[in-house]
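In full-length UniProt numbering, the protein residues as written are 1 to 409.
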């Protein structure tokens, strides 16, 4: 096999995974990373515990990617959650399954895994050039800006894996969008995913309970009903349970439809039981005492009942029980995309072939969050980034085997 020069634009998980596979095939791989260090979002996500993948039944796992389930399936089949655990172990990082089914490194952090990964990439000959930013197309190649000046590189093939638009301070700023659109590549507008939402809290609730977790609940939206918890913020609500419903809530709001997260504050008790227990309480007792003794709720849960109770609810056991079991928290808008865990939108699947090559730009491939897919938190995002990076690398290898060269831009 003739060694080919391949440029990987972006040093996140997708780009590094592609570089690893391509170097193993004997190609000369250069990774161009705009930031001072690679995989900054990966490192930040792993500060409090790197959720590398998920252990749920694989049939369920591959159904978590919404409209992109079918397009991502081949890539996921080729690099499953089990494969990720084997890959990590080969880098000296053993993993364990948490109580939620999420998979974490034993050391919990991302940095030991990344250091071992970079050592292996270096041993395989992968060059990583930091502070080298892709600035678009020029004279049949890719314009790269670096501290030493600008240059045009003309590799035999290239992969762009520059992320979406969440956490832009870490490098995923979407600057590439106009460059691809200028080459007739359809790029759908980015939207916040796995994000918090604004709620019109009263001043009392905001001042007294901002930062308070709402635990041991279930929440329902068009996405379904899930158990978990969320946090009250100055602006509204955030946290893992909110993120599970974020796409459904966001999409309703985008259609100018009202959107609410419907919260069951006491999922372990039926509405009838709560109503009966509330009826037994002394009507002269304070609401807080009646709710604590009759419904088993206090603190922030009691505050939420106060916040959304209509006139007459608080003195009627049946209506109060109904409120406790189905508390509607109306959301106004998603928080800004810069605060989101991830983003939806990006390169439209219609413009990408089965090898992850852009149909409009032969020889240029894409991977990771810059493609229009989304997934919940819990290891799904990172798994798909790894998997699409590997799928694009296989696509590059297949395309190069046909002795193609990219057309001039």
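Note that the Cβ used here is the ideal one computed from N, Cα and C, for glycine as well. Note that the structure is predicted; figures quoted are calculated from it, not measured.
- Taking a contact as a CB-CB distance under 8 Å, the pair residue 300 and residue 392 does not count as one, their CB atoms being some 45 Å apart.
- Around the beta carbon of residue 325, a 10 Å sphere encloses 16 or more other beta carbons of the protein chains shown; the residue is thus reported as buried.
- Residue 380 carries a helical assignment under DSSP once its states are collapsed to helix, strand and coil.
- The beta-carbon distance between residue 317 and residue 275, rounded to whole angstroms, is 5 Å. This is short enough to meet the 8 Å contact definition.
- Restricted to the segment 334-391, not a single alpha helix (DSSP H) segment is unbroken, complete and at least 4 residues in length.
- Secondary structure note for residue 35: it is in no beta strand (DSSP E), with a DSSP letter that is neither H nor E.
- In the three-state scheme derived from DSSP, where H, G and I count as helix and E and B as strand, residue 135 is classed as strand.
- Residue state for residue 324 is assigned as helix, using DSSP reduced to three classes.
- Following the DSSP letters along the chain, one finds residue 220 inside the beta strand (DSSP E) bounded by residues 213-221.
- Restricting attention to beta strand (DSSP E) runs no shorter than 3 residues, the segment 152-197 encloses them at 157-160, 187-193, ordered along the chain.
- Residue 176 holds the alpha-carbon nearest to the alpha-carbon of residue 186 among 194, 176, 195.
- DSSP assignment within the segment 255-305 yields the following whole beta strand (DSSP E) runs of 3 residues or more, N-terminal first: 259-264.
- With at least 16 other beta carbons inside 10 angstroms of its own, residue 22 counts as buried.
- DSSP places residue 147 in the coil class of the three-state scheme, outside both helix and strand.
- Under the three-state reduction of DSSP output, residue 5 falls in the strand class.
- Taking C-beta atoms as the reference points, residue 105 and residue 52 count as a pair closer than 8 Å.
- By the 16-neighbour rule on beta-carbons within 10 angstroms, residue 94 is exposed.
- Here residue 102 is not near residue 368, since their CB atoms are 8 Å or more apart.
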